[in-house]
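**Q**
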Amino acid sequence: MIIRVGHLYPEYLNIYADRGNIAVFTRRAEARGHELRVEPVTVGTPLEAGAHDLLYVGGGQDREQGMIAPDLEARGDAIREAVDAGAAVLAVCGGYQLLGRGYRDRDGSWLAGAGLFPLETVAGETRMIGDVLLESTLAEAPGRTIAGFENHAGRTILDDDSQPLGRVVSGYGNDGSSGFEGCRIARAVGTYLHGPLLPRNPWLADLLLSWAIGHATGDDPEALPPLDDELERQAHEVAAGRARVRGGRPA
Ligand code: GLN
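Numbering-wise (numbering that gives the first Met the number 0), the sequence shown opens with residue 0 and increments by one.
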């Protein structure tokens, strides 16, 4: 089958080679006999209702975020409707911040966001940088580890009853003090983890793909057949080991 991906602002939001996440989706879909069809969705491009099974948005610095924020804010209804209809979302760092209600950047400007994730972000004085290890709080994969790399000035505060992506084992996470990282709502996941994220955490790629396939078929998502992930397991272990050495750090 064909899995339709909308890649939001690929030419603006691609820090740390975040588009590598798309390469992982493509390869892992192919290995199960599916085709990933990726369409760029950028400033001025319409976002048609029901046109995508998965939306992807990468990270970027304040400058790039400022360039696309008005366009992204204007798509808020369309993005929330897509998620209500069961589409999957993966949003990384700058994209994660702007899928929340908004981001107050280093200059003090308020960049209104799409309002999908129940959170707000404010830039702090220091950057939170380094390898990260999480334990997933996703109901589908409780306790599974997620390894990645963070580099953000933004402190993200989740609304009281919202769900994070995971509990921080090592690193800063959303704000350096809550002990949590990322956010999950329906089939949408936002996270600060770059790297890119998915080559070291293939189970998370497969979970998102299963959600996207569920959207395409209208059926309940089913776990995908396993692949030989030995290289990915080793990559995960190296990154997780670096994060464990780093330990937890206060902001
Ligand atoms: N500009 C944002 C911050 O520093 C996002 C950075 C990023 O995407 N790496 O918080």
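Heads up, the beta-carbon is just placed ideally off N, CA and C, and yes, glycines get one too. Bear in mind the structure is a predicted one, so any value in this text is a computation, not a measurement.
Hey, would you say the C-beta of G181 is under 8 Å away from at least one heavy atom of the ligand GLN?
**A** Not so, every heavy atom of the ligand GLN lies at least 8 Å from the Cβ.
**Q** Using a Cβ-Cβ cut-off of 6 Å (strictly less than) and excluding sequence neighbours within five positions of I14, which residues of its own chain qualify?
**A** Excluding sequence neighbours, I14 sits near G58 and G59.
**Q** Taking the alpha carbon of G153 as the point to measure from, which residue in D70, V244 and S108 has its own alpha carbon closest?
**A** Closest by alpha carbon: S108.
**Q** Could you tell me which residues DSSP puts in a beta bridge with Y102?
**A** Answer is L110 and T120.
**Q** Compute every distance between the C-beta of T125 and the non-hydrogen atoms of the ligand GLN, then say whether any falls below 8 Å.
**A** Answer for T125: no, Cβ out of range of the ligand GLN.
**Q** Between which two residues does the beta strand (DSSP E) containing L46 stretch?
**A** L46 -> no beta strand (DSSP E), and no H or E assigned at all.
**Q** In angstroms with no decimal places, state the Cα-to-Cα distance between F24 and D205.
**A** Looking at the two C-alpha atoms, the distance is approximately 8 Å.
**Q** Flag this pair as touching only if the stretch 159-176 and the stretch 119-136 have three or more C-beta atom pairs under 8 Å; answer yes or no.
**A** Yes, the stretch 159-176 touches the stretch 119-136.
**Q** If you draw a straight line from the alpha carbon of R3 to that of G217, how long is it in whole angstroms?
**A** Roughly 14 Å separates the two Cα atoms.
**Q** Does the distance from the CB of L203 to the CB of A122 come in under 9 Å?
**A** No, these two residues do not count as a Cβ contact at 9 Å.
**Q** Name the one or two DSSP bridge partners that L132 has.
**A** Answer is A146 and S169.
**Q** Alpha carbon to alpha carbon, how far is A30 from C92? Give it in angstroms, no decimals.
**A** Their Cα atoms are separated by approximately 28 Å.
**Q** Would you be able to state if there are at least three C-beta pairs under 8 Å between the stretch 75-91 and the stretch 206-225?
**A** Touching, yes, given that three or more Cβ pairs across the two stretches are closer than 8 Å.
**Q** Could you compute how far the alpha carbon of P249 sits from the alpha carbon of R241?
**A** Note that P249 scores 47 on pLDDT, short of 50, meaning its location in the model is unreliable and no value can be drawn from it.
**Q** To the nearest angstrom, how far is the alpha carbon of C182 from that of I156?
**A** If you take the alpha carbons of C182 and I156, they lie about 10 Å apart.
**Q** Measuring only from the beta carbon, is D106 closer than 8 Å to any heavy atom that is part of the ligand GLN?
**A** Because no heavy atom of the ligand GLN lies under 8 Å away, the Cβ of D106 does not count as near it: no.
**Q** Need the endpoints of the beta strand (DSSP E) that P39 sits in, please.
**A** From DSSP, the beta strand (DSSP E) with P39 extends over E34 to V40.
**Q** Would you check if the distance between the CB atom of L97 and the CB atom of I67 is smaller than 9 Å?
**A** Yes.
**Q** Give the straight-line distance between the Cα atoms of D159 and E180, rounded to the nearest whole angstrom.
**A** C-alpha separation (whole angstroms): 14 Å.
**Q** Sort P198, I1, A16 and V82 by Cα distance to A48 and report the nearest one.
**A** Ranking the options by Cα distance to A48, first place goes to V82.
**Q** Grab me the residues of L71's own chain with a C-beta within less than 6 Å of its C-beta, minus the 5 sequence neighbours each way, in chain order.
**A** Here the set comprises L97 and A113.
**Q** Quick one: does the C-beta of G59 sit closer than 8 Å to a heavy atom of the ligand GLN?
**A** Correct: G59 has its Cβ closer than 8 Å to the ligand GLN.
**Q** Pull the bridge partners of Y55 from the DSSP assignment, please.
**A** DSSP lists H6 and L89 as partners of Y55.
**Q** Comparing C-alpha positions only, which one of T41, E80, P225 and G194 sits nearest to E63?
**A** Here the closest residue by C-alpha is T41.
**Q** Are E34 and H6 touching if we call contact CB-CB under 9 Å?
**A** No. Outside cutoff.
**Q** Shorter than 8 Å, the distance from the beta carbon of I156 to the closest heavy atom of the ligand GLN, or not?
**A** No, the beta carbon of I156 sits no closer than 8 Å to any heavy atom of the ligand GLN.
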